[in-house]
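Just so you know, we're using my numbering here: the sequence shown kicks off at 283 and counts up by one.
From the three backbone atoms N, C-alpha and C, an ideal C-beta is built for every residue, glycine too.
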Amino acid sequence: MPGLDRKTIASINFDKAVERILADVGSDFIYAPYLNFVYQFARKELIADVNQSLLPALLNFSSQLL
Numbered sequence: 283m284p285g286l287d288r289k290t291i292a293s294i295n296f297d298k299a300v301e302r303i304l305a306d307v308g309s310d311f312i313y314a315p316y317l318n319f320v321y322q323f324a325r326k327e328l329i330a331d332v333n334q335s336l337l338p339a340l341l342n343f344s345s346q347l348l
């Protein structure tokens, strides 16, 4: 099954990734309000969902994260 091993997933700095996304969202006038809300107020849930989705046994490209 494709996916990442737990050591690789543990090395990902998800909080830094979210901060970078929030910085990029500032220039988007259409989706920014919605994305900004998700990344600011559902950060922990989003990170947990992405973290679980990256595991080899659970990787499913057809599922939506949000």
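The shortest CA-to-CA distance from F323 to any of L337, K289, V300 is the one to V300.
It is roughly 23 Å from the alpha-carbon of K326 to the alpha-carbon of D310.
Excluding sequence positions up to five before and after I291, its CB lies within less than 8 Å of the CB of N333, L336, L337, all in the same chain and listed in chain order.
Taking 4 residues as the minimum length, the alpha helix (DSSP H) runs contained wholly in the stretch 312 to 341 are 314 to 323, 325 to 335, in order along the chain.
Secondary structure of L304 (DSSP, three-state): helix.
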